[in-house]
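Please read the structure below before turning to the comments.
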Amino acid sequence: MSNIIKTIKTTSENQDFINLVAALDKSLWGRYPEENQEYWKNNILEINPNVVIIYFDNKAVACGCFKKYDKNTIEIKRMFVSLETRGMGFAQKILQELELWAAELGYSLSVLETLHKQKEAIGLYQKVGYSIIDNYEPYIGLKDSICMKKKI
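Position one of the sequence shown corresponds to residue 0 (numbering that gives the first Met the number 0), numbered consecutively onward.
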């Protein structure tokens, strides 16, 4: 029997997205106990109409979203792939879907922020064309943040 993979566009009000973000937050808090409230205040779930979720055998296993950063730029947010489905290309698929969606809406640039210990994420972002840039607001001065940018 083959595994069924389904990708959907939805909003941040989708319960599967909310559950995946809770798992993301739990993993980040566990990996970064040294971070203080100054960092985590930037890590909130906002109402967002631009969410992508991947389902694997009818289970939500990966997500990401974007929000408008400025008139030409989106910011990728809340990228997460469940532990049991990592290495299956889902993060790259989520990014591709988000970038295509943003391009359809007229955006030409994408920025994102990740943390310095997220070596796999940084490697993935660089593999698909993101470059490390100076930290942008609200991450200026946060030494553990790595900001990246790509033309879409």
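All residues carry an ideal CB built from backbone N, CA and C; glycine is no exception.
For residue i, does the count of other Cβ atoms within 10 angstroms reach 16, so buried, or fall short, so exposed?
i       : result
Val-127 : exposed
Glu-12  : exposed
Thr-113 : buried
Trp-39  : Its pLDDT being 48, under 50, Trp-39 is placed unreliably in this model, and the value from its coordinates should be taken loosely. Exposed.
Asn-49  : buried
Glu-98  : buried
Ala-59  : buried
Leu-104 : exposed
Leu-82  : exposed
Ile-139 : exposed
Would you kindly check if the distance between the Cβ of residue j and the Cβ of residue i is under 7 Å?
i       : j       : result
Cys-146 : Tyr-129 : no
Leu-123 : Ala-101 : no
Ile-93  : Ala-61  : yes
Phe-55  : Ile-7   : no
Phe-79  : Leu-19  : yes
Ile-52  : Asp-15  : yes
Ile-75  : Tyr-106 : no
Using the DSSP secondary-structure output, state which residues sit across from residue i in a beta bridge.
i       : result
Phe-79  : Cys-62
Thr-6   : Ile-53
Ser-130 : Lys-148
Measuring only between beta-carbons, confirm whether residue i sits less than 7 Å from chain C.
i      : result
Ile-93 : No chain C appears in this structure, which consists of one protein chain only.
If I measure Cβ to Cβ from residue i and keep anything under 6 Å in the same chain, skipping five residues before and after, which residues do I get?
i       : result
Lys-149 : Ser-109, Gly-128 and Tyr-129
Ile-143 : Rather than Ile, the amino acid found at residue 143 in this sequence is Asp. Leu-114 and His-115, listed in sequence order.
Output needed for residue i: all residues of its chain with C-beta closer than 7 Å, excluding positions within five of it in sequence on either side, in chain order.
i      : result
Asn-47 : Thr-10, Ser-11, Cys-64 and Lys-66
Met-87 : none
Thr-84 : Phe-55, Val-60 and Ala-61
Tyr-68 : Glu-74 and Val-110
Asn-71 : Tyr-106, Ser-107 and Leu-108
Asn-2  : Phe-55 and Asp-56
Using a Cβ-Cβ cutoff of less than 8 Å, which residues in the same chain neighbour residue i once the five nearest sequence positions on both sides are dropped?
i       : result
Ile-132 : Val-110, Cys-146, Met-147 and Lys-148
List in chain order: all unbroken beta strand (DSSP E) runs of 3+ residues lying wholly within the segment 67 to 114. Listed in chain order, they are 72 to 80 and 108 to 114.
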